[in-house]
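Numbering (our numbering), first residue to last: 2 to 346.
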């Protein structure tokens, strides 16, 4: 029998669910069960394992919910989507091994679930989650060695490892040739960008903000499909070649976010040689760097809509060529040493 207590206020809020030994017949054929943000608390009932036809289960954003085991998940053999963000999983031993037993699992999202409290040795010994396409393991305090457990996830199309303690990329990432989105913000990376990215030609969106990178390699220009590159909050001071040459090769780049770095004027380079970039880039953010001049190639960005060069050390006049950017609708130049517009004769 299933008992659901509903408290009526300005809206209906499920407060408590008591599940006994059998699943009521009306739930036995469920394929989709979404109970996110429902104010559940206490242990996840193992009886959920009897919902064997589920292909979608969402228990996320129940901040006082926890799992003291994971064997019940292994019974959900049809499960494809599992969302458990902000559910405490630090005591759900054998979790990764259990996930590897689900033949259809493609999306897992245990964000901020205290996965770092699981024993590392159990992670290293397993697993076979090779069919997973979208793992979201953000905000778990994980370190690089733990990710050996996921070494055969070669079907990944999107991965989010933001807000962990990574100082290197998982060695197997270079084999994920279907990957499109990578989010590694707020980790402990340093030096140059991960070389594992170099041959992943399908990248469209890369977020590496809030790390300690200081070197921008020229091979980034080889990521021809890249549309969004987020690098704010690093320590980038050296750009191999120049920013102009790299941008000229990223044919489809639409947004380049490099605020709060240490980029100086010499790293900008001269004119962009390729004509491709001018038709795509719409957002350029270089706020809070060490620029002393306007990029010479600005006038080439004919589809630019947002330009932010504030909080630099740019001197002199605002060039009249900015007026040639007909689609520019947002311009930030505050906190520089500018005097006036340079009026065309």
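Every residue, glycine too, gets a C-beta built ideally from N, C-alpha and C.
DSSP puts residue i in a beta bridge; with which residues?
i           : result
residue 136 : 109
residue 256 : 229, 284
residue 240 : 217
residue 66  : 43
residue 338 : 316
residue 291 : 265
Measuring CA to CA, which of the options is closest to residue i?
i           : options            : result
residue 180 : 224, 295, 211      : 224
residue 258 : 216, 132, 325, 234 : 234
residue 329 : 305, 311, 310      : 305
residue 112 : 91, 132, 210       : 91
residue 352 : 51, 182, 63        : It is not possible to answer for residue 352, since the shown part of the chain is limited to 2 through 346.
residue 80  : 107, 97, 71        : 107
residue 216 : 198, 204, 237      : 237
residue 102 : 85, 73, 177        : 73
residue 118 : 93, 105, 38        : 93
residue 1   : 114, 55, 249       : Here the chain has residues from 2 to 346 only, and residue 1 is not among them.
residue 267 : 282, 256, 244, 86  : 244
residue 232 : 312, 252, 256, 251 : 256
Have a look at residue i and residue j and give me their C-alpha separation to the nearest angstrom.
i           : j           : result
residue 339 : residue 173 : 49 angstroms
residue 318 : residue 337 : 11 angstroms
residue 320 : residue 300 : 10 angstroms
residue 325 : residue 298 : 12 angstroms
residue 58  : residue 230 : 32 angstroms
residue 109 : residue 323 : 46 angstroms
residue 139 : residue 206 : 17 angstroms
residue 222 : residue 334 : 27 angstroms
residue 303 : residue 284 : 11 angstroms
residue 43  : residue 162 : 27 angstroms
residue 33  : residue 226 : 35 angstroms
residue 327 : residue 307 : 11 angstroms
residue 277 : residue 291 : Residue placement at residue 277 is flagged as unreliable, the pLDDT there being 48, under the threshold of 50; a coordinate-derived value is accordingly withheld.
residue 239 : residue 295 : 18 angstroms
residue 314 : residue 189 : 29 angstroms
residue 197 : residue 203 : 13 angstroms
residue 158 : residue 178 : 8 angstroms
residue 143 : residue 116 : 7 angstroms
residue 209 : residue 77  : 35 angstroms
residue 309 : residue 287 : 6 angstroms
residue 193 : residue 260 : 17 angstroms
residue 22  : residue 48  : With a pLDDT of only 48 at residue 22, under 50, the local geometry of the prediction cannot be trusted, and the value read off the model is given with reservation. About 7 angstroms.
residue 56  : residue 82  : 6 angstroms
residue 293 : residue 316 : 6 angstroms
residue 54  : residue 67  : 23 angstroms
residue 214 : residue 155 : 26 angstroms
residue 46  : residue 70  : 10 angstroms
I believe residue i touches residue j by the beta-carbon criterion, under 8 angstroms. Please report the beta-carbon distance rounded to the nearest angstrom.
i           : j           : result
residue 141 : residue 165 : 6 angstroms
residue 183 : residue 160 : 6 angstroms
residue 132 : residue 175 : At roughly 19 angstroms, the Cβ-Cβ gap does not stay under 8 angstroms, so residue 132 and residue 175 are not in contact.
Return the first residue and the last residue of the beta strand (DSSP E) that residue i is part of.
i           : result
residue 159 : 159-161
residue 130 : Premise fails: residue 130 is in no beta strand (DSSP E) and is neither H nor E.
residue 75  : Element bounds for residue 75: not the beta strand (DSSP E) but the alpha helix (DSSP H), 72-75.
residue 316 : 316-319
residue 331 : 331-333
residue 59  : 57-59
residue 184 : 182-184
What is the residue span of the alpha helix (DSSP H) that residue i lies within?
i           : result
residue 249 : 244-250
residue 99  : 96-100
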